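Novice: Questions regarding the structure given below will be posed in turn.
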Amino acid sequence: MFEAATGDDMSSETLDNVVEELNECFAIPGRIAFHEAAGGLIVAEIGNQQATARIALQGAQVLGWTPKDQQPVIWESPAAIYTAGKSVRGGVPVCWPWFGPHATESDFPAHGFARNLDWEVVQTQQLPDDTTTLSLRLPQTDETRRWWPHASELLLLVNVGERLQIDLLTRNTGSEIFTVTQALHTYFAISDVREVSVLGLEDQPYIDKVDGGARRVQSGPVTFDGETDRIYLDQGCKVEIDDPGLQRRICISRDGSHSTVVWNPWTEKSAAMADMGPDAYLGMLCVEATNAADDAVSIAPGDEHRLQVLYWLESL
Ligand code: BG6
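Counting from 1, position 114 in the sequence shown corresponds to residue 114 in the working numbering; the numbering is continuous, with no gaps.
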C-alpha cells in the first residue's frame, strides 16, 4: 500500500518522487501509469484494448472514461479547477459518509470529506478479460476522525473496460452500528440536456429539492426544461439516459442503492459556479447512485455495505 500526499505542502521534487514510487510499485506497462496533473494532483491513466480512463488519487475521483471508438461518457467541466482539497467539477465524486449538507454540523464539508482528501493505492491489476482495476483506500487520520469518529474502512474499486464498474465499500471495523448516506455522483456527458430523457424512474416517488423538498411521483420519463435536483426513492432499478443527439443510450445498473439523484443546475446556478460557467450545464447530467434520504444505510459491527455501479453504452 502506498499513501500519496499531494497538494500545496509538497515540493515539486517530493511530488516527482511520489509519482516515481507509485509507478515503481503499481504501474502496469501499457495499461496503467501515474502522472502529475495540474494543481499537484496525481492521476492514474488507464488504457487497454477496450477503453481509457483517468482517476485522481484525490477523492478517488474517476475523471474520465471513454470506451474504444466512442465519445467520452463521463463529463468533466471545461472550466474544471484542479487544486488540493477541492473536488474537481465533473467525473465521479465520491460523497461519503454523508450526502448533501451534514445533518447537524453546518461547517462540515458538503457531501462529506472523502471527495476532498487523498486516497492511497492498494492494488492495480490487469485481468484476463483485458480490463484494468485500480483499488484505493481512504486513510483514517485525526482530521477525518474529527468529522467521523466511527472506526471504519472505505475502499473504492474501479474496473475499466468496455463497461465501467465502480464499487464503494464501507466496512464497520468498530463495535457500534453507524449510518451513512453516500453517492457515486456521476456527471455524464450528453449532447444537450434539453434533448435527453432518463428512463427507468417512471412511477417512482421523489423528493423535489428545487421545490422545498416536496414529495412527488414521477410521471413518464424524466426530461429537462429547468433546474432539476431530485432524490428518487426507487427500487434499485436499471436507469438509462437516452441521448438521440449522440445516438446512444447510457445504461446504469446498481447494487446496494435504492435511491437515485438526478441533478442539472441549469442556467443561473451553472453561471454562478466558477468551475462550470454559463453554458456548461447543457452538456452534462448527473445521475447518481446513492443511499440518500430514506435510503440511508446502517452498518453493524463487522459488516460491510457495497454500493456498486456498472455503466455501459448501447446504440440508439
Ligand atoms: C447534487 C445535489 O448531488 O450535488 C445538489 O443534489 C448539489 O443539491 C450538487 O448542488 C452539487 O454539489 P457540489 O457540492 O458538488 O456543488
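Every residue, glycine too, gets a C-beta built ideally from N, C-alpha and C.
Every value quoted in this text rests on a predicted model; they were computed, and no experiment measured them.
#1: What do you reckon, is the C-beta of Asp303 under 7 Å from a heavy atom of ligand 1?
#2: Mind checking which residues open and close the alpha helix (DSSP H) that includes Phe26?
#3: Could you tell me which of Ser219, Glu195, Ala214 sits nearest to Glu202, measuring between CA atoms?
#4: My guess is that Thr141 and Thr133 are in contact by the Cβ rule of under 8 Å, so how many angstroms apart are they, rounded?
#5: Tell me, please, whether the CB atom of Pro265 is closer than 8 Å to any CB atom in chain B?
#6: Please name the residue in Ala292, Pro278, His150, Phe178 whose C-alpha comes closest to that of Leu307.
#7: Less than 8 Å between the beta carbons of Cys237 and Val261, yes or no?
#8: Grouping DSSP H, G and I as helix and E and B as strand, with all else coil, what is Trp119?
#9: So Leu156 and Leu164 are in contact, right, with Cβ under 8 Å, and what is the actual spacing, rounded?
#10: Please report the straight-line C-alpha distance between Ser77 and Asn159, rounded to a whole angstrom.
#11: If you measure between the beta carbons of Val92 and Val62, is that distance less than 8 Å?
#12: Is it buried or exposed for Arg216, if we count other Cβ within 10 angstroms and need 16 for buried?
#13: Measuring CB atoms only, is the region 171-191 touching the region 226-244, in the sense that at least three cross pairs come out at less than 8 Å?
#14: Got a sec? Which residues, its chain only, sit under 6 Å from Pro41 by beta carbon, not counting five neighbours each side?
#15: Where does Trp263 sit, in a helix, a strand or coil, going by DSSP?
#16: Find the nearest neighbour of Ser259 within the set Thr179, Ala296, Ser152, judged by alpha-carbon distance.
#17: Cβ of Glu268 within 7 Å of any heavy atom in ligand 1?
#18: Note down, in chain order, each residue of its chain lying with its Cβ closer than 6 Å to the Cβ of His102, except the 5 sequence neighbours on either side.
#19: Nearest-angstrom Cα distance between Gly174 and Trp148?
#20: In whole angstroms, what separates the C-alpha of Ala300 from that of Ala183?
#21: Between which two residues does the alpha helix (DSSP H) carrying Arg145 extend?
#22: Would you mind stating whether Ala51 and Glu162 have Cβ atoms separated by less than 8 Å?
#23: Excluding five sequence neighbours on each side, which residues of the same chain lie with their C-beta closer than 6 Å to the C-beta of Gly226?
Specialist: Working from what's here:
#1: no
#2: 12-26
#3: Ser219
#4: Not really, about 26 Å apart at Cβ, beyond 8 Å.
#5: Protein chains in the displayed structure number just one, and chain B is not present.
#6: Ala292
#7: no
#8: coil
#9: With 8 Å as the limit, Leu156 and Leu164 do not qualify as a contact, their Cβ atoms being about 13 Å apart.
#10: 23 Å
#11: yes
#12: exposed
#13: yes
#14: Per the sequence shown, residue 41 should be read as Leu rather than Pro. Cβ neighbours of Leu41 beyond the five flanking positions: Thr6, Ala56, Gln58, Tyr82.
#15: strand
#16: Ala296
#17: no
#18: Phe108
#19: 12 Å
#20: 20 Å
#21: 142-147
#22: yes
#23: Trp266
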